[in-house]
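Protein chains in written order, with our numbering: chain A, 1 to 280; chain B, 1001 to 1280; chain C, 2001 to 2588; chain D, 3001 to 3588.
In this text, a Cβ means the ideal position worked out from N, Cα and C, and glycines have one as well.
This report refers to the structure that appears directly beneath it.
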Amino acid sequence: MSQTLILTPKDYKSEVKPTWCPGCGDFGVLNALYNSLAVMKLAPDQTVVVSGIGCSSRFPHFVQTFGFHSLHGRALPVAQGLKMSRPDLTVVAVGGDGDMFSIGAGHLIHAALRNIDITVVVMDNETYGLTKGQTSPTSPTGHKTKSTPYGLLASQFNPIATALSLNVSYVARGFSSKPKELATLIEQGIQHKGFSFIHVLSPCPTFYNTMDAWKTTVSTMPVDHDTHNRFKAMELSMETQKPYIGLFYQEERQTMDETTHQLMQQSSSFDINKYMAQYA
Amino acid sequence: MSQTLILTPKDYKSEVKPTWCPGCGDFGVLNALYNSLAVMKLAPDQTVVVSGIGCSSRFPHFVQTFGFHSLHGRALPVAQGLKMSRPDLTVVAVGGDGDMFSIGAGHLIHAALRNIDITVVVMDNETYGLTKGQTSPTSPTGHKTKSTPYGLLASQFNPIATALSLNVSYVARGFSSKPKELATLIEQGIQHKGFSFIHVLSPCPTFYNTMDAWKTTVSTMPVDHDTHNRFKAMELSMETQKPYIGLFYQEERQTMDETTHQLMQQSSSFDINKYMAQYA
Amino acid sequence: MENEVTIRIGGESGEGTISGGDILALAAARWGYHVYTFRTFPAEILGGPCMFQVRISDKHVRSMGDHADVLICLNKEAFDRNISDLRHGGVLVYDPSDFTPDSGDFITYPIPFNDLARKEVQLFQTKNMVMLGAISGLFGPPLEAITQVVESKLSRSRKSNPILMEKNMLALDIAQKYVTEQLPKRDAYQLGPVEKADRVVLNGNQAVVAGALMAHCGYFAGYPITPASDIMEGLAKELPKVGGTFLQAEDEIAAITSVLGASFGGIRAMTATSGPGFSLMSEAIGYASMAELPAVIVDAQRAGPSTGMPTKMEQSDLSFALYTSHGDTPRIVVAPADVADCYTLMVQAFNMAERYQMPVIFLSDQSLTARVESVDRSVFKPIHVEERIHNGHNGANGAASNGHAASVGEEEHAFARYAYTASGISPTTVPEPGAMPYVATGLEHDIYGHPNYEPEDHTAMMEKRFRKLITAADELPNPQRYGDIDATIGIIGWGSTEGTIQEAVDRARAKGYKVAALHPKILSPLPDRAIREFIHSVKTVIVPECNYSGQLANLLGAKYGLQAIRVNKFGGIPFTAGEILRAIEEVS
Amino acid sequence: MENEVTIRIGGESGEGTISGGDILALAAARWGYHVYTFRTFPAEILGGPCMFQVRISDKHVRSMGDHADVLICLNKEAFDRNISDLRHGGVLVYDPSDFTPDSGDFITYPIPFNDLARKEVQLFQTKNMVMLGAISGLFGPPLEAITQVVESKLSRSRKSNPILMEKNMLALDIAQKYVTEQLPKRDAYQLGPVEKADRVVLNGNQAVVAGALMAHCGYFAGYPITPASDIMEGLAKELPKVGGTFLQAEDEIAAITSVLGASFGGIRAMTATSGPGFSLMSEAIGYASMAELPAVIVDAQRAGPSTGMPTKMEQSDLSFALYTSHGDTPRIVVAPADVADCYTLMVQAFNMAERYQMPVIFLSDQSLTARVESVDRSVFKPIHVEERIHNGHNGANGAASNGHAASVGEEEHAFARYAYTASGISPTTVPEPGAMPYVATGLEHDIYGHPNYEPEDHTAMMEKRFRKLITAADELPNPQRYGDIDATIGIIGWGSTEGTIQEAVDRARAKGYKVAALHPKILSPLPDRAIREFIHSVKTVIVPECNYSGQLANLLGAKYGLQAIRVNKFGGIPFTAGEILRAIEEVS
Ligand SMILES: Cc1ncc(C[n+]2csc(CCOP(=O)(O)OP(=O)(O)O)c2C)c(N)n1
Ligand SMILES: Cc1ncc(C[n+]2csc(CCOP(=O)(O)OP(=O)(O)O)c2C)c(N)n1
Ligand code: SF4
Ligand code: SF4
Ligand SMILES: [Mg+2]
Ligand SMILES: [Mg+2]
């Protein structure tokens, strides 16, 4: 497969069939990604989809590009190490709310500060799907599950608000039932030079069915929203009752991968004899 | 030692003498804590100072209360486990910017969401002191150190802004050279029911001397600031050139420890025979 | 006819394969039989092939059985996947509308499950009840035994859905009638009446929860992971009822470190996880050993390495559990053999953690977490709980009051938390009125817990910490030898394989072999005397393990220079007694 | 007089104790002598007692020396802490204004360091130069050798501060004159001229950095930790110059997982840490083994457990390195013996990681990281670097092209990334134009990397992964026996103790003992043949280790049933040759 070929969405379908439950929101996200990749004609042999562990993190197995199905919570460091050392590749990190906001929360903060040119797609179902329905950081307060039989006592994590506080350079939200809009957000995210954070509402009908609720509450970004106004974006992010989908914020600034490789412009190959002179 | 005794700051001094360098900001923080404890007459036998690893995390050894000098980055989970199971104790977590914002960053997010009634004091010197001066998440972009010989490429982490985005219920900043003000903030933080986050500017003269700079830039909170206005607080937190010290934000809301123990009001002692009936 | 049958149900998950099996096992047990189950899990969350096997006997059942006597196939794939495990001359039950098996060395009972459910009962989802009715009619247990269980199980949904309950009963009835009227019995499996017995029926994880509660566990923090999640979920529900607190942590590092925080506060605390989470706990386990904080860590082993096969069985975390974390870090490692142990050993684990002030790693495994056994109720009796000795009060310094003379630290202004003692066990304390404060640290320290890097101090502290293992080895019970006193072949095993090994030993002895088995439940510190005696009492030692590298065999080699015959199975499925028996025959 | 002296400088850190020692060592080395240093670190960041010892000889130096021949005390505390390590009849140099030693079995040279610096040079901070001048006058090396080093070292600060440079030179001069004129030589230590040699002078960590660069390391990610930080700092500076990238990660988990990301991209990647960070890397190391990704992990061991003693030496991470992470996870473990190994073995570590597609753990230790040795420059020669074999291109499927026939997967539409091969080494590929994509996963998988839980698959994949260790054991070099062919006593050691053991062997042989030593540098897979032969060739085997539990001894027991005589030192300080010699004498 090489860049010149014309690729259609189904060329990005791998031979592994999704293990997801019927009606899982992740199907919509998968199709959206197929479309984005096809529209951008990204070469499967130079694209890597990185994930952690979870239902959503099974993702790479279903995509006919290179894939790295890593460890629970570690998609971001894996993706950053790959992009730092191979800036020529397109790197997309995917995962779930547990993966990215619970065990992986610390990495998110530092990915934001480094602004390495990767795109992360978080499939948020407000639950731990693969482990059968415990609460996640985005579960609503009071949520009753097997691990919270008396109701969840923690506040609900607001990923967009925190991403904005960290000055993430591309912040957007999508909905698995609006794959066309989502595909566009993913495309823009991949095109964006820097760390792109795409929060996707992707329901888990099996353990926490938020599908109908979201279908009614999800609202589209105010047309007049200035995507360079971080404060305004924060205000919109506080609207959790009718979550906005679309682009919240975007800013072009130095990326660590690019600047690092500029440093290397005049690099030469290693010469051990020259190098050891300092110890003679 | 028991609560009835009159305690003076020096009663909280342990027999272990600080290993800190002359002029280290942490001395100021230590004295501030001695004072807060004395003013509040906290019983040394029912107070626990928890820390991670770092120069600042040596703290507990210098305080004549119970102490838990834990692992790098883990002060918050240790403190939360202790407070959840022993709500009768006063639990103060302390540490450095590397400890709390780098390796421990993920725990900070979840401590914020749980709002367990502990107080955390972060001694931020914008460097890794104990390991001799590498960059930390709060080091300024461009900062040159042994680990960033060509200058730091990441953005500078803004702890107050992120704490506010996480709706931390008590958010304040102090300065080690203003121990009186700091002592007051610590007192209020300990009195505050919920997770109290106190960001302290505490210079490292040995590896990154920000003392003089801060002495000139640090500015006091606008008198008219409404500490219940989270948005306004965020705006003030964005002022990094002249960092405000004082209380940014405070909100009283349910704490996980208290609510959990309310659940247990009608708890009874365990009876294995009764319990096994369900499996008969 | 002997009162024993092993029935396997193969089907699609969601079809009621597992729920049907559960009902069958419970019904048989309540009717007075011993049961022992084994099941597989589908790869998908919903759907996917799975199977449920239950061995039902009037004698104590110690393994899942070499083969299925009866195989019930709910679809064609189930037949293809499971037929090889049906014993020669066994019974195959299937629905002709699904497939027709090419004849083989088995008796067949074609039963129109689908039609009976769809046409007769007119509710397809009662298919598993149809199956149960048929099983009852063909082999037992009697319908009443089954209906009782169904009623109790569905009692909740009954209120909400009375029709469903009726239909279920109808389905059981129709199918049982169908087989008794239409199918002349041609096989030998028939469960006769036995007298009732006072037993409970539960799986390993449920017993672990019971054990933790019995041990007065006051704090649990965990992070979901297969196959340990239901321990967390059980305690989330039960702890508040007995005054304990629960926390779902953001990850396993937070879970274990928060457990150490609670333990520092004097609360008996634990966590439960599986391989990946256990790996993440490494650093904190080393800390607990250094700071001498009690903690119980359940590792429900699953097939590794890495994410591996979360729903498969393996005994491959022993080496790691013995050496978790850098440096020389003493810890206790125990491994339960069966559901009863999951209760008893769990209480002991807490007691050991408190007494020896160190982490105790409890090595369960996936097969045991899901294994349902009928256990004599008397096993789940109250067990003495050793409370932590607080003696760090003013004046009460020194270790004397916990029965260990402190060699130093008497009358000091600071509390000699880590006083050198003959047993290695130092006095301890917790924050409470009148207590003498100390600071727990992961740095090397002197007897007061103050950081100290002097060679003499480090050397003495290392010896003190490890001395606790010597003390523990002296105080803890020794494993009992099973089998011939004059055995030439010895088998040393660990963990969930005990029953299987003992069954193999019995079968070998019946064939005239001289065999004995030893099954230590405490793997650190090893019961040296018992093991040395056993090794010297036999000619050859076989060490069967469900792992690749022979982890117990390595330990026995390191400790005793034993060169054992290693029998390793590592496909994700437990041993059968037949496989162990073959190993015995081969060495003979 | 023999051309050898061991000089120890004891003082306060910050006073120039260490910098003075560094200059002395470098000057002696450049003058043509072999040097070998040992130092301690203060507990505080600034200030606190420390010492620097350098052994200077015209013969190759292999250990730090049993005692100091000369002890220079810059204050009273230095005398109290170090006098016990001065050899009988050794030389004590001190300043009478600090203290007067009660006479003992040593020659004393009182020198007014403080006055000379304060009054004569009129700049107190030149005290360490005064000391160096005195050393030069009393024992050598000549002043020119020292001034040369000082000039090169201070060349930068000279521009900024020319006066300081002058004062330094003055101080050297004054002190040297003082001792030659005022102190009649009463001891036997005098370094005479030797011919120059082409050597480099550096410590273990500096050699590791050189090795990584020689190995074409293209990515380093790390997190600061003592005593590994300067590996990170060295590569942060050097990598960009040779086209490599560097990342200071937020923690060790991010460091190692980002290394795996880079490795997946075909970049030779590494990290460096110490115990606590190594513990945190457990889960990811298991992943690398499962997904078969090359990675080099340097663990600069320090005294444990837990945070332990960050600035002290210990060899106590071997057991953990052998079994890091849950499940059966093959990995390679190597341990350098000296500064030369830090370079050579580092390049080999990268080659092994690439060839066998697994993590390679490089076990250095604190003493080696800080040990400065003079090494023949020829050691630091170019070494062949084994590039990763990319053969996952269209049409080019199957492992044939890396010299291993793929048993399956030819002509497939998907790439058989994990094809079964005789060697266990499967074909691999990286993202690049024309490559055939695959997905790396920690789940058990089939030859295409697709998740697969079938028992047959798991069994075969486990065997394939471990087969790589058998292949490696065949292909990798065997350790060379040192000492008598007809030895009755054998010593097996590992890591930084080799030179010390060899010196002890020589001293024992000189006393007439029949001794030999074997020092495997690759500890997983162990060189079975070489070790078996060695064990069988001797009567008793001594295993000396700087740890409590005898971690190599345990491994040898597990593998070969060897019951060795364990000699363990665990105070945080390396063995001396004398201590090993004593052990040899005791078993004889
Ligand atoms: C270290 C570790 N801890 C726990 C697990 C178990 N586990 C697998 S997926 C998962 C969370 C899944 O939730 P999420 O990330 O939201 O993905 P989803 O299944 O909801 O798509 C957990 C806890 C694991 N695999 N590894
Ligand atoms: C797991 C682990 N990684 C790394 C280290 C080494 N280490 C000790 S302190 C520290 C950071 C110190 O910085 P900070 O937390 O800001 O504290 P400071 O010394 O500046 O007060 C590091 C990286 C460690 N002890 N444990
Ligand atoms: S469990 Fe939920 S998240 Fe997982 S596949 Fe099923 S529907 Fe999707
Ligand atoms: S190094 Fe810096 S932070 Fe550490 S003690 Fe010294 S001044 Fe304080
Ligand atoms: Mg989720
Ligand atoms: Mg700091």
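For M3214 of chain D, the closest Cβ of chain A is nearer than 9 Å. With a threshold of 9 Å between beta carbons, I109 of chain A makes contact with chain B. CA-CA distance, S3325 of chain D to G2304 of chain C, rounds to 10 Å. A distance of 9 Å or more separates the beta carbons of P1179 of chain B and A1154 of chain B.
Proximity to D2484 of chain C across C:V2515, C:G2495, C:P2455 peaks at C:V2515, based on C-alpha coordinates.
Within the same chain, Cβ atoms closer than 8 Å to the Cβ of E1258 of chain B are found at P1087, D1117, K1193, the five residues on either side in sequence being excluded. The count of Cβ pairs closer than 8 Å, one atom from the region 3505-3512 of chain D and one from the region 3527-3540 of chain D, stays below three, leaving the stretches out of contact. Between the C-alpha atoms of S147 of chain A and T141 of chain A there is a straight-line separation of about 13 Å. R3566 of chain D sits in a strand when the DSSP states are folded into three classes. The continuous beta strand (DSSP E) containing H69 of chain A extends over residues 66-69. Contact note: M40 of chain A does not reach chain D at a C-beta cutoff of 7 Å; the least C-beta distance is about 16 Å. By DSSP's assignment, A2508 of chain C forms no beta bridge with any residue. Counting only residues of its own chain and dropping the five nearest sequence neighbours on each side, M3309 of chain D has a CB closer than 8 Å to the CB of R3302, A3303, G3572. Within the region 45-58 of chain A, contact with chain D at the beta-carbon level (separation under 9 Å) is assigned to D45, Q46, T47, V48, V49, V50, I53, R58. For the region 2551-2580 of chain C, the set of residues with a beta-carbon nearer than 9 Å to any beta-carbon of chain D comprises Q2551, A2553, N2554, L2555, L2556, G2557, A2558, K2559, Y2560, G2561, L2562, Q2563, K2569, F2570, G2571, G2572, I2573, in chain order. Across the structure, Y208 of chain A and S36 of chain A are spaced so that their CA atoms are roughly 28 Å apart. A residue is called buried when at least 16 other Cβ atoms come within 10 angstroms of its Cβ; K2521 of chain C meets this threshold and is buried. In this structure, the C-beta of Y2287 of chain C stays at least 8 Å away from each heavy atom of ligand 2.
Here E3002 of chain D is exposed. Its C-beta has fewer than 16 other C-beta atoms within 10 Å. Among the residues of the region 3306-3325 of chain D, those with a Cβ less than 8 Å away from any Cβ of chain B are S3306, T3307, in the order of the chain. DSSP, read as helix, strand or coil, puts G3047 of chain D in coil. In this structure, T19 of chain A has its CB closer than 8 Å to one or more heavy atoms of ligand 3. Here DSSP, grouped into helix, strand and coil, assigns N125 of chain A to coil. Within the region 99-123 of chain A, those residues whose Cβ lies closer than 7 Å to any Cβ of chain D are, in chain order, G106, H107, H110.
Using a C-beta cut-off of 8 Å, the region 3032-3040 of chain D makes no contact with the region 3119-3130 of chain D, since fewer than three inter-stretch Cβ pairs fall below that distance.
Per DSSP, T3344 of chain D is not a residue of any beta strand (DSSP E); the alpha helix (DSSP H) it occupies stretches across 3339-3356. Between the alpha carbons of G3561 of chain D and A3300 of chain D lies a gap of roughly 29 Å. By the neighbour-count criterion, in which 16 or more other beta carbons inside 10 Å mark a residue as buried, D3069 of chain D falls on the buried side.
Under the Cβ criterion of 9 Å, G3266 of chain D is not counted among the residues facing chain C.
If you check the CB distance, F2220 of chain C and M2169 of chain C do not come in under 9 Å. Chain D has a Cβ within less than 9 Å of the Cβ of H261 of chain A. Taking a C-beta distance under 9 Å as the contact criterion, T3329 of chain D and G3286 of chain D qualify as a contact pair. Cβ-Cβ separation between G2557 of chain C and K3559 of chain D: approximately 7 Å, consistent with a contact (criterion under 8 Å).
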